[in-house]
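Residue numbers (the working numbering), protein chains in the order written: chain A, 4 to 347; chain B, 105 to 444. Beta carbons are placed, not taken as given, at the ideal position from N, Cα and C, and that holds for glycine. A short write-up of the structure that comes next.
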Amino acid sequence: MSALQDAKPILVVKDLNVHYDTGKGPAKAVNDVSFSLKPGERLGLIGESGSGKTTMATALMRLTRAPGRIAGGSVELDGRDILKMSTKELRETRLRDIALIPQGAMSSLNPVMRLEEQMIDAILAHRPGLKRAELDARVQELLKNVGLAPEVARRYPHELSGGMKQRAAMAIATSLSPKVIVADEPTSALDVVVQRQVMQTLGRLQDGLGAAVVLIGHDMGLIAQFADTVGVMYAGKLVEIGPVRQMIESPKHPYTRLLVDSLPGIEVKRELTGIPGLPPPLVDLPPGCSFNPRCPLAFERCRRETPLLQQVGPGQSAACHLYPEHAALPPLPPMTRAHQELRP
Amino acid sequence: MTALIEMRGVTKTYGAFTALNDVTLSLSDTSPSMTAVAGESGSGKTTLARMMLGFINPSHGQVLYQGKDVARMTGAEQRQFRREVQPVFQDPFDVFNPFYRIDHVLETPVKRYKLADTQQQARAMIEDALKRVGLRPQDTLGRFPHELSGGQRQRIMVARAVLLRPKLIVADEPVSMVDASLRATILDELKTLNRELGISIVYITHDLTTAFQICDNILILYRGNVSEAGAVERVIGAPKHPYSQLLVSSIPLPDLSKAWGGEEIPVSEASAARANPGCKFAPRCPHVMEMCWDNLPPKYVPDSQRLATCFLYRDAPVSASDDVASAFRPPDRKTVAVAP
């Protein structure tokens, strides 16, 4: 960790905005999000469906497609803004410097190509002129790195299990030793044991490359097991970010607290608490803090004024009006069944 | 005592592949229980659910509902079975016809089983069922499926099941496609149905955390065989079978004192290729012994309220009954205190 603190950031995201144009006006799926990442750092971005996490992942790669558009901000990778690159520069940068492990690797592999051809395609696009023998050796090395047997290279995607496909996608993503890896829910369709294997593989690959990772997900448990830093997204905004231990043991934003609490453990049986209500539609955000209609601690100011991220602890920031007046998050009132009811 | 539902030596094979191997399980008719069935993809948990629901018939053995063989029921018996045993499926998107308002999915069972004499009575029943799963009827009825979130749709499926006042709900991964923040709420509703309406619940899942939280007992399957079964406090709290141990240690807990640890676990796909007549977990087992390869371990009872089919416990007595429920503890009836 100490080495992390001194290093210069490799990825700096500043005031990023991604909008989806709809008939009812722009849906702000990523709304003024800023964060930075140092080499070797593992950032976990967590949020519910519709919180903007996948939009964020695609925007980092500048893969946003219509009706989505990047409406502002910058994504600086090693000092160069990805959002301002020419098409040629962008093509060279992707995979070589920043690579995506997509959600559901099952559908990101070409079903009619053998795995090795897909891997070679990716490498050749960046390193033309490599000889077949060199390519084969590289493919074998990449497969070995993700724990796949050499014969897997000759297989088609349908001959692989879900965990194997996810590893294959990881092998492709790391084929050019990128500096930043963006992993969008890489294990969402996998069993717990396979999930653990895949995450350990990702961790090992990342350590080997010294790359930074942005892991996107909705499972606080998984993020906690992997990340050094956790960022919480709600309705397109980053509402809290900080070191993983503080985020879990002393979250400052009520939403983070509820997310942590909604995951039951296996020590004691307790009342299961979900988060009451639903996230707001992105085209029609409530005034003030977007979380105020669901927040058990909301007060008048929350309905009026949008909170900005402010420092609430060492390396920890939260966008919440409870601070700086409060030193810590006050206890949340117990939720009744009435709270759990649907909002109109 | 007749069991509510009983699987007697049930095996299901598809060609040469055995999806479920010799499972005997009986759930009591008198005390409504919550039983989890857990395991990875391909463990046979969905096959077990589909046989309990009467969707498919076993290749060997019998499934009995209140003492009657589900495969040989008369029309009237089958009608009653179909009413009293209700499914809740995994995917809250696929089960709705997008052209019908969600009212349709609730009105159909009322009509089909003639549950109500008048329109008003039918409406009252539907509203009651919706309220039981935490949905407000006025905000829900009249909408189309695409206007509701995954969590809301899944609750409607639970409401539909509740309408029929079933004795058993078989929920196959009911929350795996729902956001983590909403899972807790839906599962809590299932628990409330069990407590308040006396509905027994079989919860098929690969998520041991929620199984521990809502269920009394659990059955862990590995490649069609029961590896461990018993009270959740035993099986999840202190697993004995190496497979259960692997499962429990792989749960990603939001607790930094319980980190996964750096040890590499064997990659299943590569090593599991070796077919063997013995314990199916042998190729991946860190404690594998020579005897494991050729012999299927019997159900050992290493301590009370659990059984484990593993030769590590060969000094323990073998279960006197084939029924895995013989290791189950009585269902928890007290209402759990509200967490601070």
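What distance in whole Å lies between the Cβ atoms of residue j and residue i, which are believed to be in contact at a cut-off of 8 Å?
{"i": "L468(B)", "j": "A153(B)", "result": "An answer regarding residue 468(B) cannot be provided, because it is not within the stretch 105 to 444 covered by chain B."}
{"i": "L241(A)", "j": "V36(A)", "result": "5 Å"}
{"i": "A74(A)", "j": "H129(A)", "result": "That pair is no contact at about 30 Å."}
{"i": "V274(B)", "j": "M177(B)", "result": "That belief does not hold up - the Cβ atoms of V274(B) and M177(B) are roughly 17 Å apart, past 8 Å."}
{"i": "T68(A)", "j": "V216(A)", "result": "At residue 68(A) the sequence reads Arg, which differs from the Thr that was named. Between V216(A) and R68(A) the Cβ distance is about 24 Å, and since that is not below 8 Å, they are no contact."}
{"i": "W397(B)", "j": "A412(B)", "result": "The Cβ separation is near 18 Å, so there is no contact."}
{"i": "V330(B)", "j": "I340(B)", "result": "Actually they are not in contact, since the Cβ atoms of V330(B) and I340(B) sit about 15 Å apart, beyond 8 Å."}
{"i": "L312(B)", "j": "I269(A)", "result": "7 Å"}
{"i": "R158(A)", "j": "L118(A)", "result": "6 Å"}
{"i": "Q200(A)", "j": "I184(A)", "result": "With 8 Å as the limit, Q200(A) and I184(A) do not qualify as a contact, their Cβ atoms being about 17 Å apart."}
Which stretch, first to last residue, makes up the beta strand (DSSP E) that contains residue i?
{"i": "V217(A)", "result": "A215 to G220"}
{"i": "P122(B)", "result": "First, the residue type needs correcting, since residue 122(B) is Thr and not Pro in the sequence shown. Unbroken beta strand (DSSP E) run through T122(B): F121 to S132."}
{"i": "V183(A)", "result": "V183 to D187"}
{"i": "T117(B)", "result": "A107 to Y118"}
{"i": "Y23(A)", "result": "L14 to T25"}
{"i": "S39(A)", "result": "G28 to L40"}
{"i": "I49(A)", "result": "R45 to I49"}
{"i": "A330(A)", "result": "Premise fails: A330(A) is in no beta strand (DSSP E) and is neither H nor E."}
{"i": "N329(B)", "result": "N329 to A335"}
{"i": "A322(A)", "result": "Run containing A322(A): none; DSSP gives neither H nor E here."}
{"i": "A10(A)", "result": "Unbroken run through A10(A): none, as it is neither H nor E."}
{"i": "D276(B)", "result": "L272 to D276"}
{"i": "I305(B)", "result": "S304 to T309"}
Closest to residue i by CA distance: which of the options is it?
{"i": "S191(A)", "options": "Q106(A), P267(A), P283(A) and Q319(A)", "result": "Q106(A)"}
{"i": "A32(A)", "options": "G47(A), L46(A), E51(A) and R45(A)", "result": "E51(A)"}
{"i": "S348(B)", "options": "E144(B), S135(B) and T139(B)", "result": "E144(B)"}
{"i": "L312(A)", "options": "T90(A), M173(A) and G245(A)", "result": "G245(A)"}
{"i": "Q249(A)", "options": "A227(A), G239(A) and I269(A)", "result": "A227(A)"}
{"i": "R79(A)", "options": "P310(A), E270(A), I101(A) and P70(A)", "result": "Here residue 79(A) turns out to be Glu, not Arg, going by the sequence shown. Of the listed residues, the one whose Cα sits closest to E79(A) is I101(A)."}
{"i": "V209(B)", "options": "V192(B), D311(B), L325(B) and G113(B)", "result": "V192(B)"}
{"i": "D292(B)", "options": "R135(A), K56(A), P267(A) and I126(A)", "result": "P267(A)"}
{"i": "C319(B)", "options": "R327(B), N329(B) and G334(B)", "result": "G334(B)"}
{"i": "P283(A)", "options": "V216(A), C292(A), M173(A) and R94(A)", "result": "C292(A)"}
{"i": "M173(A)", "options": "T204(A), K134(A) and A140(A)", "result": "T204(A)"}
{"i": "M236(A)", "options": "D287(A), P327(A) and L48(A)", "result": "L48(A)"}
{"i": "F200(B)", "options": "R264(B), L272(B), T117(B) and M111(B)", "result": "R264(B)"}
{"i": "Q170(B)", "options": "L234(B), I109(B), A386(B) and N161(B)", "result": "I109(B)"}
{"i": "A315(B)", "options": "R205(B), P343(B), V336(B) and K235(B)", "result": "V336(B)"}
{"i": "N295(A)", "options": "Y258(A), V263(A), Q314(A) and A331(A)", "result": "Y258(A)"}
{"i": "A230(A)", "options": "A238(A), R117(A) and L218(A)", "result": "L218(A)"}
{"i": "I308(B)", "options": "V330(B), Q194(B) and G255(B)", "result": "Q194(B)"}
{"i": "I104(A)", "options": "S77(A), A322(A), K91(A) and T57(A)", "result": "T57(A)"}
{"i": "V405(B)", "options": "E394(B), G238(B), Q258(B) and E332(B)", "result": "E332(B)"}
{"i": "D407(B)", "options": "N399(B), P401(B) and S430(B)", "result": "S430(B)"}
{"i": "L179(A)", "options": "N148(A), S110(A), L275(A) and M116(A)", "result": "N148(A)"}
{"i": "V262(B)", "options": "G113(B), R247(B), T151(B) and P213(B)", "result": "P213(B)"}
{"i": "L286(B)", "options": "M88(A), V263(A), T177(A) and E95(A)", "result": "V263(A)"}
For residue i, go through chain C and note every residue whose CB falls closer than 8 Å to its CB, in chain order.
{"i": "I355(B)", "result": "Absent from the structure is chain C; the protein chains it does hold are A and B."}
For the alpha helix (DSSP H) holding residue i, just list the boundary residues, first then last.
{"i": "N161(B)", "result": "Per DSSP, N161(B) belongs to no alpha helix (DSSP H) and is neither H nor E."}
{"i": "D207(B)", "result": "D207 to R216"}
{"i": "I230(B)", "result": "Q223 to R236"}
{"i": "G206(A)", "result": "V195 to L212"}
{"i": "I324(B)", "result": "Taken as a continuous stretch (DSSP letters only), I324(B) belongs to no alpha helix (DSSP H), being part of the beta strand (DSSP E) at N321 to Y326."}
{"i": "D139(A)", "result": "R135 to N148"}
{"i": "M173(A)", "result": "G165 to A176"}
{"i": "V262(B)", "result": "G254 to L267"}
{"i": "I318(B)", "result": "L312 to I318"}
{"i": "A152(A)", "result": "Taken as a continuous stretch (DSSP letters only), A152(A) belongs to no alpha helix (DSSP H), as it is neither H nor E."}
{"i": "T309(A)", "result": "Segment: none, T309(A) is in no alpha helix (DSSP H) and carries neither H nor E."}
Compute every distance between the C-beta of residue i and the non-hydrogen atoms of the ligand MG, then say whether any falls below 7 Å.
{"i": "V21(A)", "result": "The model depicted lacks the ligand MG and carries no ligand whatsoever."}
Positions along the region 330 to 350 of chain B whose CB lies within less than 8 Å of some CB in chain A:
I340, G341 and L350
Contacting positions in the region 131 to 150 of chain B - beta carbon closer than 8 Å to chain A = E144 and S145
| request: Let me know the beta strand (DSSP E) ranges lying completely inside the region 216 to 291 of chain A, each 3 residues or longer, listed in chain order. | output: 232 to 237 and 240 to 246
Subject >> Unbroken stretches of the alpha helix (DSSP H), 4 residues or longer, contained in the region 51 to 126 of chain A >> reply: 56 to 63 and 90 to 96
Near-chain A residues of the region 293 to 315 of chain B - C-beta to any C-beta below 8 Å: Against chain A - using a Cβ distance shorter than 8 Å - the residues of the region 293 to 315 of chain B are K295, H310, D311, L312, T313 and T314.
| field | Contact list for the region 264 to 297 of chain A against chain B, Cβ threshold 7 Å | value | Within the region 264 to 297 of chain A, the residues whose Cβ lies closer than 7 Å to some Cβ of chain B are S265, L266, P267, G268, I269, K272, R273, E274, L275, T276, G277, I278 and L281, listed in chain order.
Please list, in chain order, the residues of the region 221 to 252 of chain A that have any C-beta partner in chain B closer than 9 Å. Residues H221, D222, M223, G224, L225, I226, A227, Q228, F229, V247, R248, I251 and E252.
Review point. Which whole runs of the beta strand (DSSP E) in the region 151 to 194 of chain B are 3 residues long or more, in chain order?
Key: 164 to 169 and 189 to 192
inquiry  = Counting only Cβ-Cβ distances shorter than 8 Å, please list the residues of the region 32 to 53 of chain A near chain B, keeping chain order.
reply    = E51 and S52
**Message:** So if I threshold CB-CB distances at 9 Å, which residues from the region 92 to 123 of chain A count as touching chain B?
**Reply:** none
Contact set between the region 263 to 290 of chain B and chain A, restricted to residues whose Cβ is under 8 Å from the partner | Residues of the region 263 to 290 of chain B whose Cβ lies closer than 8 Å to any Cβ of chain A, in chain order: D283, A284, S285, L286, R287, A288, T289 and I290.
TODO: Mind listing, in chain order, the continuous alpha helix (DSSP H) runs of no fewer than 4 residues lying wholly within the region 354 to 436 of chain B?
DONE: Here the runs fully enclosed are 372 to 375 and 394 to 398.
Listed from N- to C-terminal order along the chain, which residues in the region 203 to 222 of chain A have their beta-carbon within a distance smaller than 8 Å of any beta-carbon of chain B? Q203, H221 and D222
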